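Q: Position one of the sequence shown corresponds to residue 4 (the numbering used here), numbered consecutively onward.
Idealized CB from N, CA, C, for every residue including glycine.
Model, not experiment: these values are computed from the prediction.
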Amino acid sequence: MRTAVCPGSFDPVTNGHIDVFARAAAVADRVIVAVLINKTKSSLFTVDERIEMLKEVVAPLGNVEVDAFHGLLVDYCQTHDVQAIVKGLRAVSDFDYELQMAQMNYRLAGVETLFVSTNPLYSYLSSSLVKEVAAYGGSVEGLLPHTVLGRLQDKLAQNRSA
Ligand code: PNS
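1) Would you check if the distance between the CB atom of Thr6 and the CB atom of Asp32 is smaller than 8 Å?
2) Using 8 Å as the threshold, is the C-beta distance between Val16 and Val67 below it?
3) Using the beta-carbon count (16 or more within 10 Å), is Ala28 buried or exposed?
4) Have a look at Ser96, Glu101, Ser46 and flag the residue whose alpha-carbon is nearest the alpha-carbon of Lys158.
5) Counting only runs that start and end within the stretch 66 to 151, where is the alpha helix (DSSP H) found for 4 or more residues in a row?
6) Considering only heavy atoms of ligand 1 and the C-beta of each residue, which residues fall inside 6 Å, strictly closer?
7) Taking the continuous alpha helix (DSSP H) assigned at Ala37, which residues delimit it?
8) According to DSSP, is Ala7 part of a helix, a strand, or is it coil?
9) May I have the straight-line CA-CA distance separating Gly140 from Lys134, to the nearest angstrom?
10) Can you tell me whether DSSP reads Lys42 as helix, strand or coil?
11) Is DSSP giving Ser12 helix, strand or coil here?
12) Do Thr150 and Met56 count as a contact pair if the criterion is CB distance below 8 Å?
13) For Phe48, which of helix, strand or coil comes out of DSSP?
14) Between the alpha carbons of Val95 and Asn122, how many angstroms are there, rounded?
15) Since Ala112 and Gln81 are thought to touch, with beta carbons under 8 Å apart, how far apart are those beta carbons, to the nearest angstrom?
Printed below as a string of structure tokens:
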């Protein structure tokens, strides 16, 4: 496989995402982690903050780069010479929506979607759950890279004092 894209919101990136990036990087020549710029969806971290965190965590993976996109993912694939979308499937609950998107993306532009089965260690993990648990003071240690955990705690503290 030549270039693959791992798209998402990554608000913030978790160890589950990193597992998917690493596995995509093992089969593709080049992987682009693409952050969706979605002005209608509220996020904890800005796109720039998410990109900065992603760049830090993918640095050890030599063939992975980080970018942002808006609009249709298939348009991004076509303009950036991307041959496949790589997604992680955590559980059956992910399947319906992911299948719908994969079929739509194939219909729109013939772009293939490849799924990797998420490491069972992270199958229950999502950015939203991590944010919720952390916001109520629960421990999310081990679910996020250390630097991301620090930024999450700082961001939640800032929001509490605002
Ligand atoms: O991390 P998320 O928020 O679950 O990622 C969803 C994402 C970014 C993969 C999906 O919303 C997407 O591809 N958005 C881009 C717009 C688009 O192409 N929509 C049609 C999908 S068939």
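A: Considering the structure as presented:
1) Cβ distance < 8 Å, so Thr6 and Asp32 count as in contact.
2) In this structure, the beta-carbon distance from Val16 to Val67 does not fall below 8 Å.
3) Buried, because 16 or more other Cβ atoms sit within 10 Å of the Cβ of Ala28.
4) Minimum Cα distance to Lys158 is reached at Ser46.
5) Listed in chain order, the complete alpha helix (DSSP H) runs (minimum 4 residues) inside the stretch 66 to 151 are 76 to 82, 95 to 112, 130 to 138.
6) This criterion selects Pro10, Gly11, Ser12, Leu39, Leu75, Leu76, Met104, Met107, Asn108.
7) Per DSSP, Ala37 is not a residue of any alpha helix (DSSP H); the beta strand (DSSP E) it occupies stretches across 33 to 39.
8) Assigned with DSSP and collapsed to three states, Ala7 falls in strand.
9) Whole-angstrom Cα-Cα distance: 10 Å.
10) The answer is coil: DSSP assigns Lys42 none of H, G, I, E or B.
11) Per DSSP, reduced to three states, the secondary structure at Ser12 is coil, with no helix or strand assignment.
12) In this structure, Met56 lies near Thr150, with their beta-carbon atoms less than 8 Å apart.
13) Phe48 falls in the coil class under three-state DSSP.
14) The straight-line gap from Cα to Cα measures roughly 14 Å.
15) Confirmed, Cβ separation roughly 6 Å.
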